[in-house]
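A.B. asks:
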Amino acid sequence: MLRRTIMAGAFALAGLNVAAPAAAQAQTPAAAPAQTEITFWHGLTQPLGGLLEQIATDFNASQTHTRVVASFRGSYPETMVAAIAAFRANQSPHIVQMFEVGTGTMMAAGRAIKPLHELLAETNTTINFQDYLPGVRGYYSLPDGRMMSMPFNSSTSVVFYNKDAFRRANLNPDAFPMTWEGVAQAATALKAAGVACPMTSAWPTWTQVEQFSAIHNIPLATQGNGFDGLNAELRINNPLLVKHMTNLVQWQRDGLFRYGGRDGAADALFPSGECAMIFASSGLRARIQREAQFAWGVAQLPYYEGTTPINSIIGGASFWTMNRGPNATRSAAELRGVAAFFAYIAQPQVAAKWHTDTGFLPVTRTAFEQVRASGFYALPANAGADIPIQQMLRGGGQMTENSMGIRLGGFVEIRTIIQEELERAFQGQQTAEQAMNNAVTRGNVVLRNFERQNRGG
Amino acid sequence: MRLRKKVIFKGTALPWLLLLPQLIITGIFFFWPAGQAIYSSFLREDAFGLSREFVGLENFTDVLADPNYLAAGWNTVVFSSAVAITALAAALFLAVQADKAIRGANAYKTLLIWPYAVAPAVAAVLWLFMFHPQIGLFGRFLNGIGIQWDYKVNGNQAMLLVILAAAWKQVSYNFIFFLAGLQSIPRAVLEAAAIDGARPIRRFWTIIFPLLAPTSFFLLVVNIVYAFFDTFGIIHALTQGGPGQSTTTLIYKVYVDGVQNLNFGSSAAQSVILMAIVILLTAVQFRFIEKKVHY
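Chains as they are written, first to last, in the numbering used here: chain A, 1 to 457; chain B, 1001 to 1295.
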């Protein structure tokens, strides 16, 4: 008797574990017949998500033919997976917000997506992409300049530093070192002055590998960082990057640098006053403003002596138009609705408001000029808010194929691989050079698999 | 003890009808997904399912040749056995203490059962707040007394942390079963042993422990199944499988490859391997270990 109960219990428990939640289902409440309803999935948490949904509400109020229904679908990777599952079930949203590392996957998605240039041509909509910052435009366009997705929230990486700590270490709080050599000296001085954590880095791969490669004008991968074809191979074991990684590992050992964890985990170390310098997303600004109990400054990313820095690349997300399912396209009315929404968010005043509300980049030059003319950057509270834009235009805004962006399939996985190999180096299990070589080998396997899966697709 | 009453149905229609609901549920929720996983494990496809290719056993050979997969297998062995042993030992100790005639025993028991109601992700966050090297109470304390505590760069510390968090979560469950098992042991046997001069420790090992064997065996199975499949939330919230891949277990790798990396073929092949391991493990447990258990 007891035995039977035990068996039943064991199977019941096993059963609970096996039953996986069903894929998220798209909500399509009935719309008024005259109005076209556009579903829009985004991956921004509050307060950003609310500001984004407000833009959709404002758009709905501005006209009568289209109603955009924006809904939060979890973090960026979760939104991506939800959209893919929905597509396979013929339920995909009209518009999905996709983070920049998913760009390569979306580009290769064939009939799952409606390229932006086709959408605009078919609906006779014009958006002046020449007005967009080159780094923003380039990340989401084909090599011939045709746009594939609608750029929206974009950030770049900058340095935030604690001016009070700089003063304590007898460093000039108003002149952040331009070079990595200078940063290392400053870190040494900070440590000598009793700062437990002189510097850290959020988004280790994005800031220390991707941005580093772009501003030093060295390739991250062949084929123009993947823009020219799926047969790209990683090049992150080049001498300059290996030198930088070796330095980071050494600085970690010497107590000058602290590895704060993957993705945005290190963000918290700066506003709390724990670390005196952080390499982070320009979007961290709002949080620092809210939480930091000390004087702080913003600076452009440093470079190694003997190199000439050029523009940094962006992070963030863009909006993709999706077909409903593997064998279902969108009606003319639906396409018109999506195009109208995109034209609405491309307006300078919408882009400018998003920039000043959130700290993301103003994606167009006109929006930037508008904000500057309004005197926003001159206010003491907003000091340094234009540093990310200056850095995006560093080197005269003449991008090279190394600073356009990154277009690699399976890049989410490659980022994780680089982080894992770096963590092994920080633990002392391997040298920085071995870490980079291993990351190249493992990353190339991902690239070859992606190429094979999308051959002909 | 066992009574068997055989009911003979006339014809086969009624028995099939009676079995049907159960068969439908089993078919839809067990065999269909399992079949899908096996089918996908022979395919390679892009994320959107627009092109697929039959690759035979290639997903399996790739996975088994991957040193990271084998390392994840080893992590799983270390993690599961440590979680099962820690959770069982701690729960048994607590249950024996709670079974004694103590003041406020009921409040004490209730408090011990609480952690079971905590969701895995919340449990992980609690542990994070205790052991985070910069903001955690114990994390700061450890660093303060000179122990270099940082589970973000130290793989062994990360493993220790996820084991503790996962085991803590399971102690309550084990505790309830052990307590019930203890309470079903006849007092007369224990009193007789006490009169014969057996000390508490001897009474525990010669009477209580053997009589608890069926409960312990059941809990062992459940704990290992738990450590294999249910600890995903804790690992995801605490370490995300890192640093390096030092806390990546087999089930976590299935998630990473399938959901994050959108590599469905490889993920399905890993699920099939995991399914085979669990079938084997359960069969071994019931066939060999059960023989040593006296009901």
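Even for Gly, the Cβ is constructed at its ideal location relative to N, Cα and C. Note that the coordinates shown come from a computational prediction; the quantities given were computed from them, not determined experimentally.
Could you give the residue range of the alpha helix (DSSP H) that holds B:N1059?
C.D. replies: Start at 1 with the first residue of the second sequence, and residue 1059 of chain B comes out as number 59. Note, B:N1059: alpha helix (DSSP H), E1058 to A1065.
A.B. asks: For A:A343, tell me which candidate among A:M436, A:L119 and A:A86 has the shortest Cα-Cα distance.
C.D. replies: The residue you call residue 343 of chain A lines up with position 343 of the first sequence. Here the closest residue by C-alpha is A:L119.
A.B. asks: Give the single residue among A:V249, A:N170 and A:A109 whose Cα lies nearest to the Cα of A:Q430.
C.D. replies: Translated into positions along the first sequence, residue 430 of chain A becomes position 430. Comparing Cα-Cα distances from A:Q430 to each of A:V249, A:N170 and A:A109, the minimum goes to A:V249.
A.B. asks: For A:P271, which of A:W41, A:A202, A:I113 and A:P302 has the nearest alpha-carbon?
C.D. replies: Counting from 1 along the first sequence, the entry for residue 271 of chain A is found at position 271. Checked all of A:W41, A:A202, A:I113 and A:P302; the closest Cα to A:P271 is A:A202.
A.B. asks: Would you call the region 89-96 of chain A and the region 396-404 of chain A in contact, with 3 or more CB pairs under 8 Å?
C.D. replies: Segments in contact, no.
A.B. asks: Of all Cβ atoms in chain A, is any one closer than 7 Å to the Cβ of B:A1090?
C.D. replies: Taking the first residue of the second sequence as 1, we reach residue 1090 of chain B at position 90. False, the Cβ-Cβ gap to chain A never drops below 7 Å.
A.B. asks: Of all the residues that make up the region 79-110 of chain A, which are near chain B by a beta-carbon distance shorter than 9 Å?
C.D. replies: Within the region 79-110 of chain A, the residues whose Cβ lies closer than 9 Å to some Cβ of chain B are M80, V81, I84, F87, R88, T105, A108, A109 and G110, listed in chain order.
A.B. asks: Output the distance between the C-alpha atoms of A:P21 and A:I387, rounded to the nearest integer angstrom.
C.D. replies: For the purposes of this step, residue 21 of chain A is taken as residue 21 along the first sequence, with counting starting at 1. For the purposes of this step, residue 387 of chain A is taken as residue 387 along the first sequence, with counting starting at 1. A caution first: A:P21 carries a pLDDT of 39, below 50, which makes its placement in the model too unreliable to give a value.
A.B. asks: Go through its chain and collect everything with a Cβ distance to B:F1138's Cβ below 6 Å, but skip five positions before and after it.
C.D. replies: Within the second sequence, numbered from 1, the residue matching residue 1138 of chain B stands at position 138. Around B:F1138: M1130 and F1131.
A.B. asks: B:A1098 and B:K1109 look like a contact to me (Cβ under 8 Å); what is the Cβ gap, rounded to whole Å?
C.D. replies: Position 98 of the second sequence, counted from the start, is the residue given in the question as residue 1098 of chain B. Position 109 of the second sequence, counted from the start, is the residue given in the question as residue 1109 of chain B. So it is a contact: roughly 5 Å between Cβ atoms.
A.B. asks: Counting pairs of Cβ atoms below 8 Å between the region 1208-1219 of chain B and the region 1173-1184 of chain B, do you hit three or more?
C.D. replies: A contact exists between the region 1208-1219 of chain B and the region 1173-1184 of chain B.
A.B. asks: Let me make sure I understand the geometry here. Which of A:Y161, A:A439 and A:T79 has the alpha-carbon closest to that of A:A292?
C.D. replies: Working through the first sequence from its first residue, we reach residue 292 of chain A at position 292. Checking every option, the nearest Cα to that of A:A292 belongs to A:Y161.
A.B. asks: Using only CA atoms, which one of A:A367, A:L116 and A:T400 lies nearest to A:Y132?
C.D. replies: Counting from 1 along the first sequence, the entry for residue 132 of chain A is found at position 132. If we check each option's Cα against that of A:Y132, A:A367 comes out closest.
A.B. asks: When burial is assigned at 16 or more other CB atoms within 10 Å of the CB, is B:L1280 buried or exposed?
C.D. replies: For this step, residue 1280 of chain B is matched to residue 280 along the second sequence. Looking at its Cβ environment, which holds fewer than 16 other Cβ atoms inside 10 Å, B:L1280 is exposed.
A.B. asks: On the three-state DSSP scale, how would you describe B:P1243?
C.D. replies: Numbered from 1 along the second sequence, position 243 holds the residue referred to as residue 1243 of chain B. Residue state, collapsed to three classes: coil.
A.B. asks: Go to A:Y161, then tell me how far its beta strand (DSSP E) extends in each direction, as first and last residue.
C.D. replies: Translated into the one-based positions of the first sequence, residue 161 of chain A becomes position 161. That run of the beta strand (DSSP E) goes S157 to N162.
A.B. asks: Cβ closer than 7 Å: which chain C residues qualify as neighbours of B:Q1134?
C.D. replies: In summary, chain C is missing from the structure at hand, where the protein chains are A and B.
A.B. asks: Which residue's Cα is closest to the Cα of A:W206: A:Q347, A:L230 and A:I313?
C.D. replies: Indexing the first sequence from 1 puts residue 206 of chain A at position 206. Residue A:I313 is the option with its Cα nearest to A:W206.
A.B. asks: Taking the CB atoms as reference points, tell me whether A:F411 and A:G224 lie closer together than 7 Å.
C.D. replies: Numbered from its first residue, the first sequence carries residue 411 of chain A at position 411. Numbered from its first residue, the first sequence carries residue 224 of chain A at position 224. Taking 7 Å as the Cβ cut-off, A:F411 and A:G224 do not qualify as a contacting pair.
A.B. asks: How would you list, in chain order, the residues of chain A whose beta-carbon sits under 9 Å from the beta-carbon of B:R1044?
C.D. replies: As a first step, residue 1044 of chain B is located in the second sequence; it is residue number 44 there, counting from the start. Those are N449, R452 and Q453, listed as they occur along chain A.
A.B. asks: Please report the distance separating the alpha-carbon of A:A26 from that of A:G43.
C.D. replies: To locate residue 26 of chain A, count along the first sequence from 1; it is residue 26. To locate residue 43 of chain A, count along the first sequence from 1; it is residue 43. For A:A26, the pLDDT reaches just 42, beneath the cut-off of 50, and the residue's location in the model is therefore unreliable, although a value from the coordinates is still provided. The straight-line gap from Cα to Cα measures roughly 15 Å.
A.B. asks: Let me check one thing: in DSSP terms, what residues is B:T1249 bridge-paired to?
C.D. replies: Locating residue 1249 of chain B in the second sequence gives position 249, where the first residue counts as 1. DSSP lists no partner for B:T1249.
A.B. asks: Considering A:Q97, what are the terminal residues of the beta strand (DSSP E) in which it resides?
C.D. replies: As a first step, residue 97 of chain A must be located in the first sequence, where it is residue number 97. Run containing A:Q97: I95 to F99, per the beta strand (DSSP E) assignment.
A.B. asks: Does DSSP put B:R1044 in a helix, in a strand, or in coil?
C.D. replies: To locate residue 1044 of chain B, count along the second sequence from 1; it is residue 44. In this structure, B:R1044 counts as strand in the three-state DSSP scheme.
A.B. asks: If the cut-off is 7 Å on Cβ atoms, which residues from the region 1147-1163 of chain B count as contacting chain A, listed in chain order?
C.D. replies: Hits within the stretch, in order: K1152, V1153, N1154 and G1155.
A.B. asks: For B:W1016, does the count of other Cβ atoms within 10 angstroms reach 16, so buried, or fall short, so exposed?
C.D. replies: Walking along the second sequence from the start, residue 1016 of chain B turns up at place 16. Result: exposed.
A.B. asks: Is the shortest distance between the beta-carbon of B:G1242 and the beta-carbons of chain A less than 7 Å?
C.D. replies: The residue you call residue 1242 of chain B lines up with position 242 of the second sequence. Taking Cβ atoms only, chain A reaches closer than 7 Å to B:G1242, which makes this a yes.
A.B. asks: Starting from the C-beta of A:A12, find all residues in its chain whose C-beta is less than 8 Å away, skip the five residues before and the five after it, and write them out in chain order.
C.D. replies: Taking the first residue of the first sequence as 1, we reach residue 12 of chain A at position 12. Low per-residue confidence applies at A:A12: pLDDT is 41, beneath 50, and the placement is therefore not dependable, though the value from the model is reported in the following sentence. Around A:A12: no qualifying Cβ.
A.B. asks: With distances taken between CB atoms, is the gap from B:A1087 to B:A1167 smaller than 7 Å?
C.D. replies: Taking the second sequence and counting its residues from 1, the one referred to as residue 1087 of chain B is at position 87. Taking the second sequence and counting its residues from 1, the one referred to as residue 1167 of chain B is at position 167. In contact: B:A1087 and B:A1167 (Cβ atoms closer than 7 Å).
A.B. asks: Starting from the C-beta of A:I70, find all residues in its chain whose C-beta is less than 7 Å away, skip the five residues before and the five after it, and write them out in chain order.
C.D. replies: The count along the first sequence starts at 1 and reaches residue 70 of chain A at position 70. Sequence inspection shows Ala at residue 70 of chain A; the Ile mentioned does not correspond to that position. Once the five neighbours on either side are set aside, the close Cβ partners of A:A70 are F40, H42, L52, E53 and A56.
A.B. asks: Are the CB atoms of A:G135 and A:N311 within a distance shorter than 7 Å?
C.D. replies: Position 311 of the first sequence, counting from 1, holds the residue named residue 311 of chain A. Position 135 of the first sequence, counting from 1, holds the residue named residue 135 of chain A. Yes. Within cutoff.
A.B. asks: Taking the alpha-carbon positions, what's the A:A169 to A:A187 distance?
C.D. replies: Taking the first residue of the first sequence as 1, we reach residue 169 of chain A at position 169. Taking the first residue of the first sequence as 1, we reach residue 187 of chain A at position 187. Near 9 Å, if we compare the C-alpha coordinates of A:A187 and A:A169.
A.B. asks: Within the same chain, show all residues whose beta-carbon is closer than 8 Å to that of B:A1121, passing over the 5 residues directly before and after it, in chain order.
C.D. replies: Against the second sequence, residue 1121 of chain B aligns to sequence position 121. Contacts found: G1233, I1234, H1236 and A1237.
A.B. asks: B:I1008 and B:V1272: beta carbons closer than 7 Å?
C.D. replies: Stepping through the second sequence from its first residue, residue 1008 of chain B is reached at position 8. Stepping through the second sequence from its first residue, residue 1272 of chain B is reached at position 272. Contact: no.
A.B. asks: Tell me whether A:D368 sits in a helix, a strand or coil according to DSSP, three-state version.
C.D. replies: To locate residue 368 of chain A, count along the first sequence from 1; it is residue 368. The sequence shown places Phe at residue 368 of chain A, not Asp. Looking at A:F368 - three-state DSSP - the assignment turns out to be helix.
A.B. asks: Assign A:T296 to one of three DSSP states: helix, strand, or coil.
C.D. replies: Taking the first residue of the first sequence as position 1, residue 296 of chain A is located at position 296. Per the sequence presented here, residue 296 of chain A reads as Trp, with Thr not at that position. Reduced to three states, the DSSP call for A:W296 is strand.
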